[in-house]
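Read left to right, the sequence shown gives residues 434 to 686 (our numbering).
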Amino acid sequence: MGVLAAERIKLTSTRSPWWCTAIVVALALGLAALFAIVTKSAGDNPADGAPTLDVSTATAGVVGFGVMVLMIMAALTVTSEYRFGVIRTTFQAVPNRTKVLLTKTALVGVFSAVLTIILAFLAIGVAKAIGGSAPTANLTLDGQWRAVYGIPIYAFLMIVVAIGVGVLVRQSAAAISLIVLWSLLIEPLLGAFGSFGRNVAPFLPFQNASHFLAVSESGANWHWGPWGSLLYFVAFTAIVYGAALIMINQRDA
């Protein structure tokens, strides 16, 4: 409990977590409102390519951008301590480094999971209020529950990966660059190469995380369903985090 209290004080006494949380809220609700306005203004001509407003679209601000901001925040909770030397004081107070990392991960991960599920329901509510009457709107949860209850699971696992990467590289710029480029550029770029992309996408970790949340099937040649993709990403997360636990105990602070 002492370690948990210390990590809570670290998280709440600095400005960056508060700013990151505010940005996540703004992205989640702002993009939900924007997508609803676009769908509503498209009119009554769905045959002319009017956008569809569904649960996945309404929560895109949470999943697509909000979780990315939370991952950056999670990585900074580790790399900032290495940068300013706080990690040495922490390990002097608590020699069990594994306990420190597990506590930090649990605190940031649970916070992110709770925040994202609350914002998901708020985003759906905003989308319903603005664009729920649009002909192409389908904001009922029937058949789309996985796109909602999967968000906190997705967010928690992403936080675990981000903290693991932060421990492995130790530098803020390197950790943030790796997280952003890997998930937003490298994997989508590999998946865009025709048949090669369709064959390799099922083995890319972040593509599997997206497949778990997706209500409709993508064009990749998947060898397993959404729950198989979740297990695949859990295995990837365990490898990254396991490597971080080994390195944090072997390297000097």
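The C-beta atom is built at its ideal place from N, Cα and C for all residues, glycine as well. Please read all numbers here as calculations on a predicted model, not as lab measurements.
Q) In the structure shown, what three-state DSSP assignment does Asn529 receive? A) Taking the first residue of the sequence shown as position 1, residue 529 is located at position 96. In the structure shown, Asn529 sits in coil (DSSP, three-state: anything other than H, G, I, E or B).
Q) Helix, strand or coil: which one does DSSP assign to Leu574? A) Mapped onto the sequence shown, residue 574 falls at position 141. Three-state DSSP puts Leu574 in coil, outside helix and strand.
Q) Where does the unbroken alpha helix (DSSP H) through Ser449 begin, and where does it stop? A) Translated into positions along the sequence shown, residue 449 becomes position 16. Arg448 to Ser474 is the extent of the alpha helix (DSSP H) around Ser449.
Q | Straight-line gap, Val613 to Ile596 (C-alpha atoms, nearest Å) | A | Here residue 613 is taken as the residue at index 180 of the sequence shown, counted from 1. Here residue 596 is taken as the residue at index 163 of the sequence shown, counted from 1. Their Cα atoms are separated by approximately 14 Å.
Q | Spatial neighbours of Leu622 in its chain, beta-carbon cut-off 6 Å, leaving aside the 5 residues before and after | A | Taking the sequence shown and counting its residues from 1, the one referred to as residue 622 is at position 189. Nothing listed; no residue qualifies.
Q. Contact between the segment 454–463 and the segment 488–501: three or more CB pairs below 8 Å?
A. yes
(Q) Count Cβ pairs between the segment 584–592 and the segment 500–509 that sit closer than 8 Å; are there 3 or more? (A) yes
Q: Can you give me the start and stop residues for the alpha helix (DSSP H) that Arg684 sits inside?
A: Translated into positions along the sequence shown, residue 684 becomes position 251. Unbroken run through Arg684: none, as it is neither H nor E.
**Q.** Contact under 8 Å by Cβ, Val511 with Thr523
**A.** Stepping through the sequence shown from its first residue, residue 511 is reached at position 78. Stepping through the sequence shown from its first residue, residue 523 is reached at position 90. Going by C-beta atoms, Val511 is not nearer than 8 Å to Thr523.
Q) Does the Cβ-Cβ distance between Ala465 and Ala556 come in under 8 Å? A) Taking the first residue of the sequence shown as position 1, residue 465 is located at position 32. Taking the first residue of the sequence shown as position 1, residue 556 is located at position 123. In contact: Ala465 and Ala556 (Cβ atoms closer than 8 Å).
Q: Take every Cβ of the segment 656–672, pair it with every Cβ of the segment 639–647, and state whether three or more of those distances are shorter than 8 Å.
A: yes
Q) Under the DSSP definition of a beta bridge, which residues are partnered with Leu486? A) By 1-based counting over the sequence shown, the position of residue 486 is 53. DSSP lists Ala570 as partners of Leu486.
Q: Report the three-state DSSP secondary structure of Ala434 (helix, strand or coil).
A: Locating residue 434 in the sequence shown gives position 1, counting from the first residue. The sequence given here has Met at residue 434, not Ala. Reduced to three states, the DSSP call for Met434 is coil.
Q. When the Cβ atoms of the segment 516–531 are set against those of the segment 678–685, are three or more pairs found closer than 8 Å?
A. yes
Q | Beta-carbon spacing of Val581, Val488 below 8 Å | A | For this step, residue 581 is matched to residue 148 along the sequence shown. For this step, residue 488 is matched to residue 55 along the sequence shown. Yes.
**Q.** Supposed contact pair Ile456 and Val500 - C-beta distance, whole angstroms, cut 8 Å
**A.** For the purposes of this step, residue 500 is taken as the residue at position 67 of the sequence shown. For the purposes of this step, residue 456 is taken as the residue at position 23 of the sequence shown. Actually they do not touch by this definition, with Cβ atoms about 12 Å apart.
Q: Answer with buried or exposed for Ala668, where buried requires no fewer than 16 other C-beta atoms within 10 angstroms of its C-beta.
A: As a first step, residue 668 is located in the sequence shown; it is residue number 235 there, counting from the start. Ala668 comes out exposed.
(Q) Whole angstroms are fine: how far does the CA of Lys473 sit from the CA of Ala570? (A) Taking the sequence shown and counting its residues from 1, the one referred to as residue 570 is at position 137. Taking the sequence shown and counting its residues from 1, the one referred to as residue 473 is at position 40. If you take the alpha carbons of Ala570 and Lys473, they lie about 8 Å apart.
Q.
Only counting the same chain, and skipping five residues up and downstream in sequence, which positions put a Cβ closer than 6 Å to that of Ala711?
A. Because the chain is modelled from 434 through 686, residue 711 falls outside the range shown and cannot be assessed.
Q: Just tell me which of Thr485, Arg448 and Ala671 has its CA closest to the CA of Ala567.
A: Stepping through the sequence shown from its first residue, residue 567 is reached at position 134. Minimum Cα distance to Ala567 is reached at Thr485.
Q | Chain-order list of residues whose beta-carbon lies under 6 Å from that of Thr447 (same chain, five-residue window excluded) | A | Here residue 447 is taken as the residue at index 14 of the sequence shown, counted from 1. Within the same chain, Thr447 has no close Cβ partners at all.
(Q) Is it buried or exposed, Val598, if we count other Cβ atoms within 10 angstroms and call 16 or more buried? (A) If you number the sequence shown from 1, residue 598 lands on position 165. Classification of Val598: buried, given that the 10 Å Cβ count is 16 or more.
(Q) Distance cutoff 8 Å, beta carbons only. Does Ala668 sit that close to anything in chain D? (A) This model lacks chain D altogether, as it is built from one protein chain only.
Q.
On the CB-based measure, 16 or more other CB atoms within 10 Å of its CB, does Arg579 come out buried or exposed?
A. The residue given as residue 579 occupies position 146 in the sequence shown. Classification for Arg579: buried.
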